[in-house]
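Worksheet: one structure, shown below.
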Amino acid sequence: MITSCSSSHCPTCTSTKKALIINDDDDRFSELPDHLLRSILSLLDSKLAVQTCALSPRWRSVWKGVPALNLDTKSFNDSDEFDQFVSGIISRRHDSAPIHEISIENDTNKYGGRIEYDINESCGELFAYAASHGIRRLRAVEDFGDGFSHYVYDQGFLPLAPGFRILTTLHLQCTKLFCPAPLVEPFSGFPNLRDLTLKNCYWAIDEWDGDGEGPDICLRICGNQLLNLWIEVSDVCKVEIFAPNLESFVSYETYWSPDFGEFDLPFLDRVYVGFRAYGFTDGRDYRFATHLVNLLRRLHHARTLVLNSDTIEVYFVFTISMQFTFRFICYLRNNFNNFIIKLSMFSI
């Protein structure tokens, strides 16, 4: 005769209940559909995603259809390991599986620049694969190195790749962008681009040998579908914007403020302008103040304007006039519905 124990302190019953709970949890997780597992894995670093799939025969091939690749050189011991992983993940993916997003972070300081050529080769293969599969979002962050800039940022590569014409989001950070001429128009080949971020990017002109001052570079950003633009560039003397539907604009400069040419942004809603004040002591140079005033006048359609406090400080340093600075602030208050001064731009 089988009897059951109703005591909550019975060790046999307690262990049985725990086993049932654990088994129940395992079953529920194992029964998740593949598309949901792929969505979860797409949030992880790609190397970790592959390692996770090795934990169960049920998941072993799930990573081959993950719609996003997240690569970070810090996850690899050396350049050869990174190169082998990129080649392996491309060759073993399901060819029919869509890929919508690629994110690469390259810390060149970790290996002292020794991985540059291997990353060029790997990323050339990776982005050729992405272009043939219609990538939508591309994010590439580099730590002031030339690791994969030839393949990713050469003007002749991305715009000419048919698969990149449906790209909607492009984020480039701390990278060098190569261009063949002083007039740079690298994003005209992305007709569906909606979000463009250029953070702390700088430019290299092919025709300049590096002796003396480089040529004046004019950056032209064109996009009928462009809605959000963050621009923080160096070595650019002038910026021209042709984006009639732009809604959000961020300009954050570290040590150089380019001259913004004439443009009209009638649907502009939010504007953030920031500057770092350290290192500015030459009050005889009015170029920054002139560029800043001209920029803000061209952004008069915006409903909200946010400046960081350093921008006001730098304006005062360059004009050496509290009266001019006060008039400048009054002008902004009178011409924008919402005018805000923040202590830091990092909070946006």
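Take 0 as the starting number for the sequence shown in numbering that gives the first Met the number 0 and just add one per residue.
Think of the CB as a built atom: it goes at the ideal place given N, C-alpha and C, for glycine as much as any other residue.
Taking all protein chains shown into account, decide if residue i is buried (16 or more other Cβ within 10 angstroms of its Cβ) or exposed.
i	result
residue 304	buried
residue 190	exposed
residue 240	buried
residue 375	Lying outside 0 to 347, the shown extent of the chain, residue 375 is not represented and no answer is given.
residue 271	buried
residue 121	buried
residue 252	buried
residue 274	buried
residue 336	exposed
residue 325	exposed
residue 242	buried
residue 340	exposed
residue 79	exposed
residue 34	exposed
residue 141	buried
Grouping DSSP H, G and I as helix and E and B as strand, with all else coil, what is residue i?
i	result
residue 172	strand
residue 333	helix
residue 305	strand
residue 36	helix
residue 77	coil
residue 194	strand
residue 261	coil
residue 120	helix
residue 88	helix
residue 54	coil
residue 60	coil
residue 30	coil
residue 93	coil
residue 41	coil
residue 150	Reliability of the predicted coordinates at residue 150 is poor, the pLDDT of 48 falling under 50, and no value is obtained from them.
residue 300	coil
residue 327	helix
residue 134	coil
residue 291	helix
residue 47	helix
DSSP has residue i in a bridge; who is on the other side?
i	result
residue 247	227, 269
residue 139	103, 171
residue 125	According to DSSP, which records beta bridges pairwise, residue 125 is partnered with nothing at all.
residue 218	183, 238
residue 202	176
residue 339	305
residue 69	102
residue 252	274
residue 232	200
Rounded C-beta distance between residue i and residue j? I'm assuming under 8 Å.
i	j	result
residue 248	residue 267	6 Å
residue 104	residue 67	Contact flag wrong, Cβ pair sits at about 14 Å.
residue 257	residue 235	5 Å
residue 198	residue 217	The Cβ separation is near 20 Å, so there is no contact.
residue 174	residue 130	Actually they do not touch by this definition, with Cβ atoms about 19 Å apart.
residue 57	residue 29	6 Å
residue 261	residue 297	7 Å
residue 221	residue 186	7 Å
Take residue i and list the residues in its own chain whose beta-carbon comes closer than 6 Å to its own, dropping the five residues that flank it on each side.
i	result
residue 265	300
residue 211	Since pLDDT at residue 211 reaches only 47, below the 50 mark, its modelled position is unreliable, and no value is offered.
residue 330	none
residue 196	170, 229
residue 232	197, 200
residue 294	259
residue 219	184, 239
If we cut at 9 Å on Cβ distances, does residue i have a partner in chain C?
i	result
residue 163	Absence of chain C from the displayed structure is noted, only one protein chain being present.
Cutting at 7 Å between CB atoms, please list the residues of its own chain near residue i, excluding the five before and the five after it.
i	result
residue 62	40, 48, 49, 52
residue 406	Summary: the structure shown does not reach residue 406, with the chain confined to residues 0 through 347, and so no result is reported for it.
residue 338	304, 331, 332
residue 74	44, 46
residue 124	85, 86, 89
residue 76	none
residue 71	44, 104
Grab me the residues of residue i's own chain with a C-beta within less than 8 Å of its C-beta, minus the 5 sequence neighbours each way, in chain order.
i	result
residue 244	223, 224, 225, 226, 266
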